[in-house]
Structures are given as structure tokens and as C-alpha cells.
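Visitor: Below: one structure in C-alpha cells.
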């Protein structure tokens, strides 16, 4: 049995589909009560990981436990403790919102009365009371996702799995989902979340596992990952070529690498380390030389930069690569 | 025992979900009953004149065949419905729940059986209108209907396997058509099997659809007094043969379907 404090432990998971290796020795530990973001492009193995951990798919090698229960040997017992909301809203279009949740409650064997009460409770919590008795067919994409998420919460699971919960949603519904998930997490639910949106991982996850080609290639908080990549830089724009040259000279002591200068826009990029202190220091030095600065800022790497550096390709992928990824996943 | 009760309970929840769909999308039942009505009318009035069954009225001969064909077609809803559920991720959700592994299949096949009951009622009325009559006792007639439904129920477990394998309702429909048309036409459904040429006749004689059709004809009292006696054992004992087919189908299809369900995931 895993340490009590670890809700999810995966060691060396391997899953092959014929000659395609979907998981290639994936390791993952998610402490109880925390949010782990699984970040990766299409086909990286995110969905396969979720399917193995939620007992939908048997892995070929390695070992995985969720709340101490083995995903293969204790599968049935485990299913009582987890909730899953998949990539598409797996709700029944012809049933009403209430009927959908009631059905899930019955299948968790909560009993007739409890299933109904729980369904009403969740509909209220997810702002679906008005639509509760209408067939889901008429729901918006955001409402469907909220209902699907509610379905995953019917049995008050100890561990929740959300596979790309906002994929395909418009920006407004996405923000709505983020609020709902943040609230949930504040209540102490352990959550494994997959996403290809860097912003989403940044906003919701305590820790992020970057996954590519079926392996975790980096692990840490959003800030740790950004630090790991480095690439903090001071960016400033001055008014003339002369000022640009002076600024370059003044800032050279702060630079940890080559300063680049765009002659046309008089824009300088200075690789630095040390955060806001460097920015203050830089401004003082420029001011002392009376160099007129039009714009200055400290740019930290975004998770996009992190992703690009770690995987050698941008998140999300495109074209053929993405299509192939779909099949692999 | 408790696992079995749990499977039935979960199955009932799933069946209820499927039946709500019939209620909410009435077009489904309308069209699945319109096509057999159309078949009865087409065969009775278009082919009826040219297919002569010496010794009896063609419409009396025809009805058992159309019943058999229709319930077999009705059983394909099982496969299409499961394929659709896989495609939409509903099966993923079900499989992540602590419910019995057989429940989704039990629920699906049961609700499709209900669908077939409705269709049979509508068809019987149509048949009566065009001149079909039951010449046996009410008990025998009921046994005839029950046998047709039981046969379709067993076949629907086979359809479940295919639906879970192909994972797309469109592909399933195309695939099942290819299998079902020959099965329901190279049989004694619309013509007497004795009129078929060599290999087709042998196929028809051993075709399970022929057995259930012959059984229904016997039980409805629609047998032809002038027809030559059947050459093979299955058609000499059609009721028993149909029951044997049902048992064999269930013994083979149920475990295979459950196995396939355990592996089924959305793409």
C-alpha cells in the first residue's frame, strides 16, 4: 500500500497499442488534497493515463494505485472512490439534467432517495436548477460540461479525474468552468486534471507534470518549471539609436548573456536573473545616465516557453501530428 | 446471487434510460414501425400476386416471415445503440462506475426487446387488416409471439458484440445490413425453401431465421397443408430448433459481449 498521503501513485506505466507506445514508463505521484495538472499535446498520453488510473484500460507494465487500491486487482472497489469527467460531456442528450444525475446515483448504488437528493443538490451547486427538468439536448456546451462534472461528483469521490474539462468551450464558458473547478479544489478534493492549455494548468494546478511521448519530462509548480527553463529577461524600448547604445552599455553588468538590440525599434532584450530587484536596479542605472525609457518590463517565461523548450514543439500541435495523436490517444 | 441481483437492478436503470429515449424521440418508434408496415404492404400487394404458394393464401404465409425479419432487424438497434454510446463517451462513464459489468448490456437488450414488442403489435394489426388470420388457439399464438421475441433477444446479444467492436453507429448499420439481408431472405420467410436452388436451399434449411419462421407459422396455424414435408430435422421440429438456437446464441454471445464491453473505450 502507498503512503496514506499519496492519492495517486503510478510507477513505470507502459501501454502499447500494437507498435504504438502510448505510455512509455510513466511515473506520477499525486499527494492527497492537491491538484496535479497533466500537461501535454494531443497524443502525449494524457487520456491513456487517465483511462488506466480510472480502470477503463489495463496497462501492460508497471503499477498504479489510487487511494491505495490497485487499478487492476481492486478495480471494482476503486470505482466507488473515483469520479471521472471525460473529454466529451458524456451526458445523455435525451434525459433531463436531473435524470442524468439520478441515473448516475442509482448506478453508484446510493439508493432511490439519496440519488434524487444528491442530484438536486448538485444541480443547484452547478447553477443548473432552471434547466434541471429539460432534456440535455437543449443545453449549451458549458452547461453540458457542468452537468458532466456534476455526474463525476455524485458519489463524493476521494479522487477526481478531469480529462480536458474545457476543450471545445468558448472563453466565457471556460472561465466559468475554471471557477467551478477552483471552488471544488478549495474543498480539498484530490484532482488529476489533463489539459493542453498552459493557462489552465497554470491557473488550476498545484503541480504540473509535463508529459510528452508517454513520459513525464518535467515536474514542478508553474514557477519552478519557469525557473527550470530560465529565460527571465529585461525588455526595454528607448527613443533613439544613441540612447539604445548607451542603454546597452549601462545594462551590460546586469546581463547574464548577450544583449540583443533591434535597431529599427530601439528595443533591447537583456537576459537577467534575480527577478524584480534586477528591474529596479536597471531602472536606477538608466535614470542615473538620464536615458529616456519609453517602455520597460521584466518578462518571465510563460508556460508556452517552458513547453517549447522542454518538448521542442509548441503545445497543442497542429495538422498531421495532431491527427496522429488522436489515434494514439 | 447478490451480484446477479445487482446486475439486474443496474440493468433496469440502464433500460429505463433507453426507454426514456423512445418516449422523448418518438420519431424512432414511428419509423421503426413504419418500415415493417411498408414491408407487409409491399409483399402483400406487389409480390403477393407473383409468388404463388399452392395450397394457401400468400398473405397468410407471408406474415410469419415478415415477423421474423422485422424482429431480427429490430435487434440491430442494440448494436447501433451501443456503438453510439461508445462514440459519445457514455460507455466510458458507465465503465468508471461501480456497476455490474453486464448491466449496460442487460439494460440495452431489454429495452430493445420492449421496442420489438411495440413493433410486433403494430405489425399484427397491419397483417389483420390485409387479411392475415391466426388459426390456432390464443395460447399457441402467444407462444408464437414469445418465441419470435425470444429469438430476437438472443440475436441482439450478437449485435451487441458487433456494435462494441465497430464503435460507430454508421459503420454498424452498414455492416449489419450486409449480414441480415441474406439471412432473412435466403430462408423460408418470403418463399418456400423447397423452391430454392441447391446450395441456397441447404442454407435456408439450416438458417436459424427459417427455424423461427417455421415455428411461428406452426404456432399461428399458418402452415400450408399442401406443402411437401420438410427434408431436414430443423424444419421438422422448428419450435424445438428455435429454442436450441436461442440457448446456443445466448451461451456464445453473452460472455463474448461482456468481454468486449470490458475492453470497450471511446477513441
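Chains as they are written, first to last, in the numbering used here: chain A, 1 to 329; chain B, 330 to 596. Backbone N, C-alpha and C fix where the C-beta goes; we use that ideal spot for every residue, glycine too.
1) Within 10 angstroms of the Cβ of residue 73 (chain A), are there 16 or more other Cβ atoms? Answer buried if so, exposed if not.
2) Helix, strand or coil: which one does DSSP assign to residue 238 (chain A)?
3) Check whether the Cβ atoms of residue 52 (chain A) and residue 84 (chain A) sit closer than 9 Å, and answer yes or no.
4) Roughly how far, in whole angstroms, is the beta-carbon of residue 346 (chain B) from the beta-carbon of residue 95 (chain A), given that I think they are within contact range, below 8 Å?
5) Let me know the secondary structure DSSP gives residue 387 (chain B) once reduced to three states.
6) Give, in chain order, every residue of the segment 423-445 of chain B whose Cβ lies closer than 8 Å to some Cβ of chain A.
7) Can you tell me whether residue 124 (chain A) is buried or exposed, with buried defined as 16 or more other CB within 10 angstroms of its CB?
8) Is there a Cβ of chain A sitting closer than 9 Å to that of residue 353 (chain B), yes or no?
9) If residue 487 (chain B) and residue 402 (chain B) are in contact, beta carbons under 8 Å, what's the gap, nearest whole angstrom?
10) Which same chain residues, not among the five before or five after residue 17 (chain A), have their C-beta less than 6 Å away from its C-beta?
11) When you compare only the Cα positions, how much space is there between residue 455 (chain B) and residue 388 (chain B)?
12) In whole angstroms, give me the CA-to-CA distance for residue 554 (chain B) and residue 384 (chain B).
13) Just the C-alpha distance for residue 178 (chain A) and residue 204 (chain A), rounded to the nearest angstrom, thanks.
14) Report the neighbours of residue 346 (chain B) on chain A: residues whose CB is nearer than 7 Å to its CB, in chain order.
15) List, in chain order, every chain B residue whose beta-carbon is nearer than 8 Å to that of residue 82 (chain A).
16) What is the rounded straight-line gap between the Cα of residue 270 (chain A) and the Cα of residue 258 (chain A)?
17) What residue from A:21, A:34, A:91 has the CA that sits closest to residue 148 (chain A)'s CA?
18) Which class does residue 73 (chain A) belong to by DSSP, given the choice of helix, strand or coil?
19) Excluding the five sequence neighbours on either side, which residues of its own chain have a C-beta within less than 7 Å of the C-beta of residue 321 (chain A), listed in chain order?
20) Between which residues of its own chain and residue 457 (chain B) is the CB-CB distance below 6 Å, once the five residues before and five after are set aside?
21) Check whether the Cβ atoms of residue 427 (chain B) and residue 79 (chain A) sit closer than 9 Å, and answer yes or no.
22) How many angstroms separate the CA atom of residue 364 (chain B) from the CA atom of residue 440 (chain B)?
23) Can you tell which of B:367, B:522, B:353 has the C-alpha that lies nearest to the C-alpha of residue 558 (chain B)?
24) Anyone know if the C-beta pair for residue 255 (chain A) and residue 222 (chain A) falls short of 9 Å?
25) Just verifying my parser: in three-state terms, what is the DSSP assignment at residue 106 (chain A)?
26) Can you list the residues of chain B that residue 196 (chain A) reaches, using a CB-CB cut of under 9 Å?
27) Give the DSSP-derived three-state secondary structure of residue 32 (chain A) in the structure shown.
28) Could you check whether the Cβ of residue 248 (chain A) sits closer than 9 Å to any Cβ belonging to chain B?
29) With three or more beta-carbon pairs closer than 8 Å as the criterion, would you say the segment 223-241 of chain A touches the segment 263-277 of chain A?
30) Pick helix, strand or coil for residue 210 (chain A), following the three-state DSSP scheme.
31) Report the three-state DSSP secondary structure of residue 328 (chain A) (helix, strand or coil).
32) Between residue 489 (chain B) and residue 590 (chain B), is the Cβ-Cβ spacing less than 9 Å?
33) Using a Cβ-Cβ cut-off of 6 Å (strictly less than) and excluding sequence neighbours within five positions of residue 328 (chain A), which residues of its own chain qualify?
34) Determine which residues of the segment 106-128 of chain A have a Cβ less than 9 Å from any Cβ of chain B, and write them out in chain order.
35) Where does residue 459 (chain B) fall in DSSP's three states?
36) In angstroms, rounded to a whole number, what distance separates the CA positions of residue 186 (chain A) and residue 48 (chain A)?
Guide: With the given structure in hand:
1) Translated into the one-based positions of the first chain, residue 73 (chain A) becomes position 73. The residue in question, residue 73 (chain A), is exposed, as its Cβ has fewer than 16 Cβ neighbours within 10 Å.
2) Counted from its first residue, the first chain places residue 238 (chain A) at position 238. Residue state, collapsed to three classes: strand.
3) In the first chain, counting from the first residue as 1, residue 52 (chain A) sits at position 52. In the first chain, counting from the first residue as 1, residue 84 (chain A) sits at position 84. Cβ distance not < 9 Å, so residue 52 (chain A) and residue 84 (chain A) don't count as in contact.
4) Indexing the second chain from 1 puts residue 346 (chain B) at position 17. Indexing the first chain from 1 puts residue 95 (chain A) at position 95. Indeed they touch by this definition, with Cβ atoms about 6 Å apart.
5) Here residue 387 (chain B) refers to the residue found at position 58 when the second chain is read from its first residue. Residue 387 (chain B): helix per DSSP, three-state reduction.
6) 423, 424, 425, 426, 427, 428, 432
7) As a first step, residue 124 (chain A) must be located in the first chain, where it is residue number 124. That one is exposed.
8) Mapped onto the second chain, residue 353 (chain B) falls at position 24. Taking Cβ atoms only, chain A reaches closer than 9 Å to residue 353 (chain B), which makes this a yes.
9) The sequence position of residue 487 (chain B) within the second chain is 158, counting from 1. The sequence position of residue 402 (chain B) within the second chain is 73, counting from 1. Between residue 402 (chain B) and residue 487 (chain B) the Cβ distance is about 13 Å, and since that is not below 8 Å, they are no contact.
10) As a working mapping, residue 17 (chain A) is identified with position 17 in the first chain. Nothing listed; no residue qualifies.
11) The count along the second chain starts at 1 and reaches residue 455 (chain B) at position 126. The count along the second chain starts at 1 and reaches residue 388 (chain B) at position 59. One C-alpha to the other measures close to 11 Å.
12) As a working note, residue 554 (chain B) is residue 225 in the second chain. As a working note, residue 384 (chain B) is residue 55 in the second chain. About 6 Å.
13) In the first chain, the residue the question calls residue 178 (chain A) occupies position 178. In the first chain, the residue the question calls residue 204 (chain A) occupies position 204. Taking the straight line joining both Cα atoms gives about 7 Å.
14) Locating residue 346 (chain B) in the second chain gives position 17, counting from the first residue. Under the 7 Å cutoff, chain A gives 92, 95, 103.
15) The count along the first chain starts at 1 and reaches residue 82 (chain A) at position 82. Correct list: 425.
16) Taking the first residue of the first chain as 1, we reach residue 270 (chain A) at position 270. Taking the first residue of the first chain as 1, we reach residue 258 (chain A) at position 258. So the alpha carbons of these two residues sit roughly 7 Å apart.
17) In the first chain, the residue the question calls residue 148 (chain A) occupies position 148. Nearest C-alpha to residue 148 (chain A): A:91.
18) Numbered from 1 along the first chain, position 73 holds the residue referred to as residue 73 (chain A). Looking at residue 73 (chain A) - three-state DSSP - the assignment turns out to be coil, as it is neither helix nor strand.
19) Translated into the one-based positions of the first chain, residue 321 (chain A) becomes position 321. Low per-residue confidence applies at residue 321 (chain A): pLDDT is 36, beneath 50, and the placement is therefore not dependable enough to give any value.
20) Position 128 of the second chain, counted from the start, is the residue given in the question as residue 457 (chain B). For residue 457 (chain B), where only same-chain residues beyond five positions count, there are no Cβ hits under 6 Å.
21) By 1-based counting over the second chain, the position of residue 427 (chain B) is 98. By 1-based counting over the first chain, the position of residue 79 (chain A) is 79. Taking 9 Å as the Cβ cut-off, residue 427 (chain B) and residue 79 (chain A) qualify as a contacting pair.
22) Your numbering for residue 364 (chain B) matches position 35 in the second chain. Your numbering for residue 440 (chain B) matches position 111 in the second chain. Going from the Cα of residue 364 (chain B) to the Cα of residue 440 (chain B) covers about 19 Å.
23) Within the second chain, the letter at position 229 stands for residue 558 (chain B). Measuring from the Cα of residue 558 (chain B), the nearest candidate turns out to be B:522.
24) Stepping through the first chain from its first residue, residue 255 (chain A) is reached at position 255. Stepping through the first chain from its first residue, residue 222 (chain A) is reached at position 222. No, the Cβ-Cβ distance between residue 255 (chain A) and residue 222 (chain A) is not below 9 Å.
25) Counting from one through the first chain, the residue named residue 106 (chain A) turns up at place 106. Helix.
26) Position 196 of the first chain, counting from 1, holds the residue named residue 196 (chain A). Within chain B, no residue comes near residue 196 (chain A); the closest Cβ sits about 17 Å away, beyond 9 Å.
27) Reading the first chain from its first residue, position 32 is the one you call residue 32 (chain A). Three-state DSSP puts residue 32 (chain A) in coil, outside helix and strand.
28) Taking the first chain and counting its residues from 1, one reaches residue 248 (chain A) at position 248. For residue 248 (chain A), the answer is no, since every Cβ of chain B falls outside 9 Å of its Cβ.
29) yes
30) Within the first chain, residue 210 (chain A) is the residue found at index 210, counting from 1. Three-state DSSP puts residue 210 (chain A) in a strand.
31) The sequence position of residue 328 (chain A) within the first chain is 328, counting from 1. Here the model assigns residue 328 (chain A) a pLDDT of 36, short of 50, so the residue's position is not dependable and the matter cannot be decided.
32) Start at 1 with the first residue of the second chain, and residue 489 (chain B) comes out as number 160. Start at 1 with the first residue of the second chain, and residue 590 (chain B) comes out as number 261. In contact: residue 489 (chain B) and residue 590 (chain B) (Cβ atoms closer than 9 Å).
33) As a working note, residue 328 (chain A) is residue 328 in the first chain. With a pLDDT of 36 at residue 328 (chain A), under the threshold of 50, the modelled position of that residue is not reliable, and no figure is offered here.
34) 106, 107, 108, 109
35) Stepping through the second chain from its first residue, residue 459 (chain B) is reached at position 130. Here residue 459 (chain B) sits in helix by DSSP.
36) To locate residue 186 (chain A), count along the first chain from 1; it is residue 186. To locate residue 48 (chain A), count along the first chain from 1; it is residue 48. Distance between the alpha carbons of residue 186 (chain A) and residue 48 (chain A): 27 Å.
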